[in-house]
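The numbering of the sequence shown is the working numbering, which starts it at 517 and goes up by one. All C-beta atoms, glycine included, are put in the ideal place defined by N, C-alpha and C. All of these numbers come straight from a predicted model, not from anything done at the bench. Please read the structure below before turning to the comments.
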Amino acid sequence: MTSQTQKNDMDHFKDVLKSHSLKATPQRLAVHEAMLKLGHASADMVTEEIQKSSGTKVTVASVYNILTNMAGLGIYHHRLSANNKMYFDVNTFKHFHIYDSENHEFKDVIDNELVELIENYFSKRRFRGYSIENIDIQLVGKPTRKKKAASRG
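This is the structure:
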């Protein structure tokens with residue numbers, strides 16, 4: 517297990533909750549388990565995954581609130597997609613995204629050399645009245661090949 521994924525395991529999640537005086541409720545645990553499985557997801561997608569796999573009772577509104585609270589704690593990042601949906605990202609390490617504008621999906625772009633190049637460039641730039649806190653780059657594209665339809669049995 518890499519340090520990037522190890523950071524997101526359940527034990528770490530419970531420790532972070534405890535450090536913020538939050539209980540590891542069945543709903544919070546179910547949301548985090550779904551996020552670990554999905555990687556990038558909207559509240560609707562997480563709710564659907566929970567209902568499919570764990571049987572924990574949740575509503576889309578409660579899932580959205582949990583995701584938003586966890587993003588506030590730095591457990592997830594959040595981003596708005598081109599279809600005006602809020603998506604959450606379980607990977608909080610430095611990386612970029614390709615947003616698939618046809619399928620409304622995010623794909624991670626992990627390129628440490630590119631991250632370093634961009635950070636070095638912006639470390640030398642000044643923007644009057646602003647201090648740069650974070651660099652968040654999202655490429656928007658569409659697949660060059662159509663996804664194959666799932667085989668029917």
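- Looking at the backbone, the Cα of V631 and that of S597 are separated by about 22 Å.
- An exposed status is given to E618, since fewer than 16 other beta-carbon atoms sit within 10 Å of its beta-carbon.
- Inclusion of D531 and L552 in the CB contact set at 9 Å is not warranted, their separation being larger than that value.
- By the Cβ test, the region 552–567 is in contact with the region 575–586, since at least three Cβ pairs between them sit closer than 8 Å.
- Residue burial is scored here from C-beta neighbours: H536 has fewer than 16 other C-beta atoms within 10 angstroms and is therefore classed as exposed.
- If you draw a straight line from the Cα of H613 to the Cα of K539, it comes to about 32 Å.
- Nearest in C-alpha terms to Q567, of all of S558, F604, A550 and F529, is A550.
- By the Cβ neighbour-count rule, I582 is buried, with 16 or more other Cβ atoms within 10 Å of its own.
- R595 carries a strand assignment under DSSP once its states are collapsed to helix, strand and coil.
- In this structure, V606 sits away from L655, with a CB-CB distance that is not shorter than 9 Å.
- By the neighbour-count definition (other C-beta atoms within 10 Å, threshold 16), H556 is a buried residue.
- Straight-line spacing of the CA atoms in I591 and F529 works out to 8 Å.
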